[in-house]
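So the sequences go chain by chain: A and B. So the numbering used here is basically just the index in the first sequence, starting at one, shifted up by 24. So the numbering used here is basically just the index in the second sequence, starting at one, shifted up by 3. Step one of this worksheet: look at the structure below.
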Amino acid sequence: MIKVDKVTKFYGEFPAITDLSFEVPKGEILGFLGPNGAGKSTTMKILTGFMPPSSGTVEIAGFNILEESLNARKHIGYLPETVPLYLEMNVSEYLSFMGQIRGMNSKKIKQRITEVIETCSLQDYYKTIIGKLSKGYKQRVGIGQAILHEPDVLVLDEPTIGIDPIQVVETRQLIKGLGEAHTLILSSHILPEVSMICDRVIIINEGQIAAVDNPKNLGTNLSGVERVEIEVKGPNQEIIPVLEKVDHVNSIERIPITGSGYHRYQISVDVGSEIRSQLASVILENQWELLKLQSIGMSLEEIFLKITVHEE
Amino acid sequence: MKNLIAITLRETRSYFSTPSAYIVGAMFLVLTGVFFVFDITRPFAEASVRGISNWSGSFIIFLAPLITMKLLSEEQKLGTLELLLTSPVREWEVVVGKYLASLFMLLFIQSATLYYVLLLYIFGQPDTGPILSTYLGLVLHGAAALSIGILGSSLSGNQIVAAVVSIAILVIFSFIDAVASLVEGTAATFLNSLSMDQRLTDFSRGIIDTSHIIYFLSLIVIFLFLTIRSLETRRWR
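As structure tokens, then:
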């Protein structure tokens, strides 16, 4: 549904994104993750045809974004980073205007506004002047205009930035729901958000793709590390040397916990090595008490830092 | 075309739902009113709208940019331009749509001066011809000034900057005949022909010269074209 091929964008001499290529099949929710200034918004602006790339091509629903721009744009719903609202209009006027410039007829507009207002839970603010809405509700109106014309492709640039935690949760649920009917690209620098909502994640750093995978696999495949967390009751000085001798163990880190007698360790092991049973038997052989034994992936935060910082 | 109408309607509604246009309009009416009164209360005054016409040529230098300054500036600042330009809308539809809205606003403000004309007919016997030609001149002149204003508005996300740029261009077009008097020959003719004020004066005398009409219409087309270009190049910056 979205095809990005070798897209490069220069701002003057400075390359904002370099040689970016990826595809998004129909129905997928793709997370676009990166630190500030990584090129996320630039990519979004190119995808939606607001800015042309310096080189490379973008196809939306089979239409080239430059050559068949109008056709391509008909298939896009876009929520830019700064929510674009006409503050002096009320919610329904605004939505109706957005419907008109997307070529919907008035009957369809009326029907869709009712649906969108319901989807975005804006029932109580139907006739409210947009300038008077809270940030979270403005965001919803922004999402509302993006889905109004039932576009095939939805591009949301940092949709949960700057709204309070309760509204963030609601907004995320809303977005996840939207993923059922649309192909969706979402940019964010908030990792749990991406791992919660997205089918697939592209990590972008300094204008280049640093990693692509589903949020779960990113934890193991890409970092090259798998970890096991254990809790053991026994003498600390003895436990570490013994465990270090087990095959495939790379390093052991002690995690301080309160409470007497217990020790918690995170052991990084080689990828694909299943050594939990070995660990368990070693601990039992030494007659220590095993309280917990669990395989853990890296959290997205760690991967993120690792990928974006490590590469230098 | 449907897009254009939608944009014009939205913009027109926006003019009437925010106070700034009313304030600008009221100021314009106060000023034209004052000069109208001066003109018809002097000794041997004639029943004409010359007083309005002579001065509103100067007022329009400020009025038009104040009306148009928000048209594209505000969109850039609020980010709604991004929305418009990623919707299936062509640049010229955005520009012309907004231009028409500002024209409606100007006509609305100017039509309020018809009240003076009404007074003339009640208390005197004015010559209808020059009044009509004066209004034709005022509308054309105002429309041209608005097209310069919208170009200024496309150049900056800051409304003040947009207004100042437009005022500067308008000042040049209004007072270039003063420069023309300093030179001779072809240069003088050329500079004189660029001047808006000279042509406006002709209209107020009851002269409807086709070249004047073509002049103002050309200005409108040229500046709208430049605005569309300016908007297109925004994408490439």
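The beta-carbon is built from N, C-alpha and C at its ideal position, and this holds for glycine as well.
Exercise. Going along chain A, which residues have a C-beta under 7 Å from N6 of chain B?
Worked result: Along the second sequence, one-based indexing puts residue 6 of chain B at 3. Residues of chain A passing the Cβ test: I125.
Exercise. Got a sec: is the Cβ-Cβ distance from R13 of chain B to anything in chain A below 8 Å?
Worked result: Position 10 of the second sequence, counting from 1, holds the residue named residue 13 of chain B. Judged by the 8 Å Cβ criterion, R13 of chain B is in contact with chain A.
Exercise. For K30 of chain A versus S79 of chain A, is the C-beta spacing smaller than 8 Å?
Worked result: Here residue 30 of chain A refers to the residue found at position 6 when the first sequence is read from its first residue. Here residue 79 of chain A refers to the residue found at position 55 when the first sequence is read from its first residue. Yes, they are a contact pair.
Problem set entry | Residue range of the unbroken beta strand (DSSP E) whose run includes Y118 of chain A | As a position in the first sequence, residue 118 of chain A is number 94, starting the count at 1. Careful: Y118 of chain A lies outside any beta strand (DSSP E), inside the alpha helix (DSSP H) at V115 to I125.
For this session: In the DSSP assignment, find the unbroken alpha helix (DSSP H) run with T21 of chain B in it and report its ends.
Result: Residue mapping note: residue 21 of chain B aligns to position 18 of the second sequence, counting from 1. Neither: T21 of chain B is in no alpha helix (DSSP H) and is coded neither H nor E.
Problem set entry | Cβ separation of S114 of chain B and L74 of chain B, assumed to be a contact under 8 Å, to the nearest whole Å | Position 111 of the second sequence, counting from 1, holds the residue named residue 114 of chain B. Position 71 of the second sequence, counting from 1, holds the residue named residue 74 of chain B. 21 Å between Cβ atoms; not a contact.
Problem set entry | Residue from A:D148, A:S145, A:Q147 and A:V165 with nearest C-alpha to I154 of chain A | Position 130 of the first sequence holds residue 154 of chain A. Comparing Cα-Cα distances from I154 of chain A to each of A:D148, A:S145, A:Q147 and A:V165, the minimum goes to A:V165.
Exercise. DSSP three-state call for T207 of chain A: helix, strand or coil?
Worked result: Mapped onto the first sequence, residue 207 of chain A falls at position 183. T207 of chain A falls in the strand class under three-state DSSP.
For this session: Measure the C-alpha to C-alpha separation of S51 of chain B and I89 of chain A and round it to an integer number of angstroms.
Result: In the second sequence, counting from the first residue as 1, residue 51 of chain B sits at position 48. In the first sequence, counting from the first residue as 1, residue 89 of chain A sits at position 65. Rounded to the nearest angstrom, the two C-alpha atoms are 58 Å apart.
Exercise. Can a CB atom of chain B be found closer than 8 Å to the CB of T72 of chain A?
Worked result: For the purposes of this step, residue 72 of chain A is identified with residue 48 of the first sequence, where counting begins at 1. Closer than 8 Å to some Cβ of chain B, the Cβ of T72 of chain A qualifies, so yes.
For this session: Please go through the same chain and pick out, in chain order, the residues whose beta-carbon is closer than 6 Å to the beta-carbon of F38 of chain B, but skip the five residues on each side of it.
Result: Locating residue 38 of chain B in the second sequence gives position 35, where the first residue counts as 1. The answer, listed in chain order, is G54 and W58.
For this session: Name, please, each residue of chain B whose Cβ falls closer than 9 Å to the Cβ of K33 of chain A.
Result: On the first sequence, residue 33 of chain A is found 9 positions in, with the first residue counted as 1. Listed along the chain, the chain B residues whose CB falls inside 9 Å of the CB of K33 of chain A amount to none; the nearest CB is some 11 Å away.
For this session: Return the bridge partner residues of D181 of chain A from the DSSP annotation.
Result: Here residue 181 of chain A corresponds to residue number 157 of the first sequence, with the count starting at 1. A:S211, per the DSSP bridge assignment.
For this session: For A9 of chain B, verify whether its CB is less than 7 Å away from any heavy atom of the ligand ATP.
Result: In the structure on display, the ligand ATP does not appear, and there are no ligands present to speak of.
Exercise. Can you list, in chain order, the residues of its chain whose CB lies under 8 Å from that of Q318 of chain A, leaving out five sequence neighbours each side?
Worked result: In the first sequence, the residue the question calls residue 318 of chain A occupies position 294. Cβ neighbours of Q318 of chain A beyond the five flanking positions: V252, E253 and I254.
Exercise. At what residues does the alpha helix (DSSP H) containing S51 of chain B begin and finish?
Worked result: Working through the second sequence from its first residue, we reach residue 51 of chain B at position 48. It is not in any alpha helix (DSSP H) - S51 of chain B carries neither H nor E in the DSSP assignment.
Problem set entry | Cβ neighbours of G73 of chain A in the same chain (closer than 7 Å, five flanking residues each side left out) | If you number the first sequence from 1, residue 73 of chain A lands on position 49. Excluding residues within five positions, the ones whose Cβ falls inside 7 Å are I89, S93, A96 and R97.
Exercise. In the structure shown, what three-state DSSP assignment does H215 of chain B receive?
Worked result: Against the second sequence, residue 215 of chain B aligns to sequence position 212. In the structure shown, H215 of chain B sits in a helix (DSSP, three-state: H, G or I).
Exercise. Which residue or residues does DSSP assign as beta-bridge partners of V82 of chain A?
Worked result: Here residue 82 of chain A is taken as the residue at index 58 of the first sequence, counted from 1. For V82 of chain A, DSSP records a beta bridge to A:V28.
Exercise. How big is the Cα-Cα spacing for S297 of chain A and L44 of chain A?
Worked result: Translated into positions along the first sequence, residue 297 of chain A becomes position 273. Translated into positions along the first sequence, residue 44 of chain A becomes position 20. Going by the C-alpha atoms only, they are around 34 Å apart.
For this session: With 8 Å as the threshold, decide whether the Cβ of A9 of chain B is near any Cβ in chain A.
Result: Start at 1 with the first residue of the second sequence, and residue 9 of chain B comes out as number 6. At least one CB atom of chain A sits nearer than 8 Å to the CB of A9 of chain B.
For this session: If I'm right that H144 of chain B touches F219 of chain B with Cβ under 8 Å, what's the distance once you round it to whole angstroms?
Result: Here residue 144 of chain B refers to the residue found at position 141 of the second sequence. Here residue 219 of chain B refers to the residue found at position 216 of the second sequence. Contact holds; Cβ gap of about 6 Å.
For this session: Output yes if chain B places a C-beta closer than 8 Å to the C-beta of L109 of chain A; else output no.
Result: As a first step, residue 109 of chain A is located in the first sequence; it is residue number 85 there, counting from the start. Closer than 8 Å to some Cβ of chain B, the Cβ of L109 of chain A qualifies, so yes.
Problem set entry | Three-state class that DSSP yields for L314 of chain A in the structure shown | Residue numbering aside, residue 314 of chain A sits at position 290 when the first sequence is read from its first letter. Residue state, collapsed to three classes: strand.
Problem set entry | Residue nearest to Y118 of chain B in terms of C-alpha spacing, selected from B:R45, B:V40, B:I175 and B:F226 | In the second sequence, counting from the first residue as 1, residue 118 of chain B sits at position 115. Closest option to Y118 of chain B, Cα to Cα, is B:V40.
Exercise. CA-CA distance, S344 of chain A and K151 of chain A?
Worked result: Because residue 344 of chain A is not part of the residues shown, which for chain A are 25 to 336, the question remains open.
For this session: With DSSP as the reference, please indicate the residues paired to K33 of chain A in a beta bridge.
Result: Here residue 33 of chain A corresponds to residue number 9 of the first sequence, with the count starting at 1. Its beta-bridge partners are A:I41.
For this session: Count the other CB atoms, across all protein chains shown, that sit within 10 Å of the CB of P22 of chain B; report buried if there are 16 or more and exposed otherwise.
Result: Sequence index remark: in the second sequence, residue 22 of chain B carries index 19 (1-based). That one is exposed.
For this session: Alpha carbon to alpha carbon, how far is K269 of chain A from V256 of chain A? Give it in angstroms, no decimals.
Result: Taking the first sequence and counting its residues from 1, the one referred to as residue 256 of chain A is at position 232. Taking the first sequence and counting its residues from 1, the one referred to as residue 269 of chain A is at position 245. When rounded, the distance between both Cα atoms is 17 Å.
Problem set entry | Inter-residue Cα distance where the pair is D294 of chain A and E78 of chain B | Working through the first sequence from its first residue, we reach residue 294 of chain A at position 270. Working through the second sequence from its first residue, we reach residue 78 of chain B at position 75. Taking the straight line joining both Cα atoms gives about 55 Å.
For this session: Could you name the residues that DSSP lists as bridge partners for Y289 of chain A?
Result: Within the first sequence, residue 289 of chain A is the residue found at index 265, counting from 1. DSSP output for Y289 of chain A lists A:I254 and A:R278 as bridge partner(s).
Exercise. Quick one: does K98 of chain A have its CB under 8 Å from some CB of chain B?
Worked result: To locate residue 98 of chain A, count along the first sequence from 1; it is residue 74. Yes - at least one Cβ of chain B is within 8 Å of the one on K98 of chain A.
Exercise. Using CA coordinates, which residue listed in A:L146, A:G285 and A:I264 is at the minimum distance from E277 of chain A?
Worked result: Position 253 of the first sequence holds residue 277 of chain A. Nearest option by C-alpha distance: A:I264.
Exercise. Three-state secondary structure (DSSP) at T100 of chain A?
Worked result: Taking the first residue of the first sequence as position 1, residue 100 of chain A is located at position 76. Before going further, note that residue 100 of chain A is Ile rather than Thr in the sequence given. Here DSSP, grouped into helix, strand and coil, assigns I100 of chain A to strand.
Exercise. In chain order, what residues of the same chain lie with their CB nearer than 6 Å to the CB of L84 of chain B, ignoring the 5 residues before and after it?
Worked result: The residue given as residue 84 of chain B occupies position 81 in the second sequence. Excluding residues within five positions, the ones whose Cβ falls inside 6 Å are E78.
Exercise. Using a C-beta cutoff of 8 Å, does E235 of chain B count as contacting chain A?
Worked result: What you label residue 235 of chain B is simply residue 232 of the second sequence in a count that begins at 1. Cβ-Cβ to chain A under 8 Å: no for E235 of chain B.
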